[in-house]
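Asks: Numbering follows the numbering used here, in which position 33 of the sequence shown is assigned residue number 16; successive positions increment by one, without gaps.
Every residue gets a Cβ at the ideal spot worked out from N, C-alpha and C, and that includes glycine.
Here it is: the structure, laid out below.
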Amino acid sequence: MTKSLIIASIMIPALLTSCGKGSKGTIAPQEQTSATDSLPLIGRTLHIDYGQMQAIVTYGQDTLIWQPSSPDGKTSEQTKEEPNYEALGDGRTFATWQEASGEVVAHIVDLKAQQVTAFIYAPLTEGQTSRSATRLTGKITQQ
């Protein structure tokens, strides 16, 4: 997990810099990783329990569909995002995307440990010069 956090701490500032310059955060097609064993997350739908919130997330090659729900089962509208992925090895994948609201989300998904660590950065508001992440740790309850 420490290696994953180190990688995330390096990658997230780079992503935020590119997002802040109007980039959609996409990678040139020749640089994208194909959906092979190196990215075991592709094609899966995970049910993730973060405690106060649950989410159903479908990880596709070019799209990610995310639908949150409350502990009592009430679902919110699902959103479709354009993700970027990086294989971390040993069943772990780094996934990131920018939502229409401007929020930047980064997931470290560990299929072996059945755990997802999410970092969510809200957009800068007027007068802010920096922002910090909200960190959530969730348990994968269904694959």
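Just to confirm my understanding: we take residue 41, look at its own chain, exclude 5 residues before and 5 after, and list those with CB closer than 6 Å. What are they?
Replies: 28 and 48
Asks: Pop quiz: residue 70 and residue 21 are said to be a contact at Cβ under 8 Å. What is the actual Cβ separation, rounded to whole angstroms?
Replies: 4 Å
Asks: Drop a sphere of 10 angstroms on the beta-carbon of residue 126, count the other beta-carbons inside from all chains shown, and report buried for 16 or more, exposed for fewer.
Replies: exposed
Asks: Please go through the segment 28 to 110 and give each complete beta strand (DSSP E) segment of 3 or more residues, from N-terminal end onward.
Replies: 37 to 42, 47 to 52, 62 to 64, 67 to 72, 75 to 81, 87 to 93 and 98 to 104
Asks: Grab me the residues of residue -16's own chain with a C-beta within less than 6 Å of its C-beta, minus the 5 sequence neighbours each way, in chain order.
Replies: Confidence at residue -16 is low in this model, with a pLDDT of 46, below 50, so the placement of that residue is unreliable and no value is reported for it.
Asks: Which of the three DSSP states, helix, strand or coil, is assigned to residue 120?
Replies: strand
Asks: Look up residue 126 in the DSSP assignment and say whether it is helix, strand or coil.
Replies: coil
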